[in-house]
Amino acid sequence: MGAEDFNKYMRLTKLFTKTRKETPTGETAKNAELLLRAGFIFKEMAGVYSFLPLGLRVLKKIEGIIRDEMDKAGGLEMQTSVLQSKEVWEQSGRWSDEVVDNWFKSKLKTGGEVGLSFTNEEAYSNILKQYISSYKDLPVYPYDFKHIFRNEVRSKSGILRGREFYWKALYSFSRTDAEHAEFYERMKSSYQAIFRRVGIGHLTYMTFASGGSFSKFSHEFQAITSAGEDTIYLDEKLGIAINKEVYTDEVIDELKLDKNSLVEKKSIEVGNIFSLGTKFSVPFDLTYQDEGGQKQPVIMGSYGIGLGRLMGTVVEILSDENGMVWPRSIAPFTCHLIALGEKLAQADVLYEKLVQSGVEVLYDDRADKTAGEKFADADLIGCPVRITIGGKTPDGQVEFKPRSEKESQLVDEAELLELTQE
RNA sequence: CGGGCUGUAGUAUACCGGUAGUACGUAUGAUUCGGGUUCAUAAAGACCGGGUUCGAUUCCCGGCAGCCCGACCA
């Protein structure tokens, strides 16, 4: 399910998607424009996108990075069901449309009502109740990757905000506030590692946001970009920000920040973590017996990342006028190999060598396309390394060009294999 | 959920109350071959329903869909 399960190579002649010159009507969001034009995603309806082969590869690589960080932090991957029963959600008071107005609901043939999950606290609380009874059972940190459904009246900004989206949600179940706090801090660094690894760490800041009923603040991870919908006040030196929703003099003082060094920025919320206290454990009677045999409520925390939104944010931040610029860690392929003119045979041989050596390579083996089209497509798709073999290329050498640079350089094949290793 | 705008080939667009035109893409044949080459030929289109009218893709009404602003949210 991670990137390791993908083929490491692909011929463009076998890929059914096509790039387009024109921007689809009405899509003003840069992430949607580029991802649609390059054939990474397909728009099913407003706020609902299918992931095509190239796009899925990026999504799954992001998933792989998040999984790695969650597992390192002690997470246990599982999968909660999408269909959720009314009864479970009534326990927390969140079934009613008065409370949550964006539920997708349906009916069972047998008469019961079900909802398509729009978040996971209830599902996890309900499951864990059956397994947690002693302090020896805690702490636990289950998580899943899952499609989430929200009946938004207004989807917008391409894949940044949809009616259906793919997320990772982890829930922490701890014995005490101290134990919870320790894990919460661990998640902060896990999240920072994730955003660093997908290539936007330099622009992503931990941000104090509204905390709800059990803690003063929650923490959002906000990526700075003009395409953002959120407004934050950032202290660039300290790397800390405050969301506009809690931006008051009192909060600034409490966080010991200097109002004069806070700068207003637009940003995208790429992740958030918050403490839930006993908000769900009490209604679900999720308790454990401590060493003294006393019944105690479990302390919960919630940690979410929308993967499509994260992917869209990377596009917003890292693309240039010619297309996307993927970091190696989440690029659909590391290399984009272009054969020009009569060099198709030589390129075929090189392609096989790259495949054999385990390099991820997308091979433009189309015989009926001109050089200009092939270069334009390579720029749009945005693999980190472009390799060209054409009439101007001396035998035994290839042209090597990082996507982020203007000029290519001649390298021999042995050198190339070195340059393309992670 | 309030407000605004828009629905024409696969995509992007034009004109028009009376044979719907162009570009990209696609097919065939030439041409070209290092930044979307040039040419010929071909296939392919008016969101749905109602109304006005001799005649509606065009005007009117309703529906549905899409985009944008606001509210709300990963």
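Residues in the first sequence are numbered consecutively from 65, following this note's numbering.
We put the beta carbon where it would ideally sit given N, CA and C, even for glycine.
The continuous alpha helix (DSSP H) containing LEU444 extends over residues 435-445. When secondary structure is reduced to three states using DSSP, VAL413 falls in the helix class. Boundaries for VAL334: no alpha helix (DSSP H) harbours it, while the beta strand (DSSP E) harbouring it runs 327-341, taken from the DSSP string. THR377 is a Cβ neighbour of THR289, given a cutoff of 8 Å. Excluding sequence positions up to five before and after LYS193, its CB lies within less than 8 Å of the CB of PHE348, ASP349 and LEU350, all in the same chain and listed in chain order.
A straight-line Cα-Cα distance of about 12 Å links LEU99 and PRO396. Within the segment 185-263, the complete beta strand (DSSP E) segments at least 3 residues long are 206-213 and 228-238, listed from N- to C-terminus. Between LEU298 and the set LEU321, VAL346 and LYS171, the nearest pair of CA atoms involves LEU321.
Rounded to the nearest angstrom, the Cβ distance from VAL112 to ARG260 is 30 Å, too far for a contact under 8 Å.
Close CB contacts of TYR367 within its chain, under the 6 Å cut and outside five residues either way in sequence, are with LEU234, MET251 and ILE337 (chain order). Ranking GLY138, ASP354, TYR255 and HIS266 by CA distance to the CA of ILE126 puts TYR255 first. For LYS169, the enclosing beta strand (DSSP E) begins and ends at 168-171. Using a C-beta cut-off of 8 Å, the segment 163-180 makes contact with the segment 204-220, since at least three inter-stretch Cβ pairs fall below that distance. In this model, GLU108 and GLU355 are separated by some 54 Å (Cα to Cα).
Boundaries cannot be given for LYS78, as no beta strand (DSSP E) includes it and DSSP labels it neither H nor E. Secondary structure note for PRO117: its alpha helix (DSSP H) is the uninterrupted segment 117-136. In its chain, beyond the 5 residues on either side, LEU404 have a beta carbon closer than 6 Å to the beta carbon of ALA435.
Where LYS107 is concerned, the enclosing beta strand (DSSP E) starts and stops at 105-109.
Restricting attention to ILE332, SER279 and PHE272, the CA atom closest to the CA of GLY303 is found in PHE272. In summary, ASN307 is buried, with 16 or more beta-carbon neighbours lying within 10 Å of its beta-carbon over all protein chains present. Within its own chain, no residue has a Cβ closer than 7 Å to the Cβ of GLU246 once the five positions on either side in sequence are excluded. DSSP, read as helix, strand or coil, puts LYS465 in strand.
Setting aside the 5 residues that flank it on each side, VAL146 is surrounded in the same chain by LEU180, SER181, LYS210, HIS211 and PHE213, each with a C-beta closer than 8 Å to its C-beta; the list follows chain order. Where ASN95 is concerned, the enclosing alpha helix (DSSP H) starts and stops at 94-101. According to DSSP, residue pairing for LEU474 in a beta bridge involves GLU463.
Here ILE258 has ILE129, ILE130, GLU133, GLY335 and ILE369 as same chain residues with Cβ atoms under 8 Å from its own Cβ, once five neighbours each way along the sequence are excluded. Within the same chain, Cβ atoms closer than 6 Å to the Cβ of TYR188 are found at TYR235, the five residues on either side in sequence being excluded. For LYS94 against SER383, the beta-carbon gap comes to about 7 Å, under 8 Å, which counts as contact. Close CB contacts of ASP428 within its chain, under the 8 Å cut and outside five residues either way in sequence, are with LEU76, HIS400, LEU401, ILE402, ALA403, LYS438, ASP441 and ALA442 (chain order).
DSSP places GLY157 outside both helix and strand once states are collapsed to three, so it counts as coil. For MET375, the uninterrupted alpha helix (DSSP H) segment begins and ends at 371-382. Under the three-state reduction of DSSP output, LEU267 falls in the helix class. In the DSSP assignment, the residues bridged to ASP299 are ILE304. Straight-line spacing of the CA atoms in VAL423 and PRO391 works out to 15 Å.
Note: LEU180 is bridge-paired with LEU147 and PHE168 in the DSSP secondary-structure output.
Sorting ASN190, LEU374 and LYS232 by C-alpha distance to the C-alpha of THR268 places LEU374 at the top.
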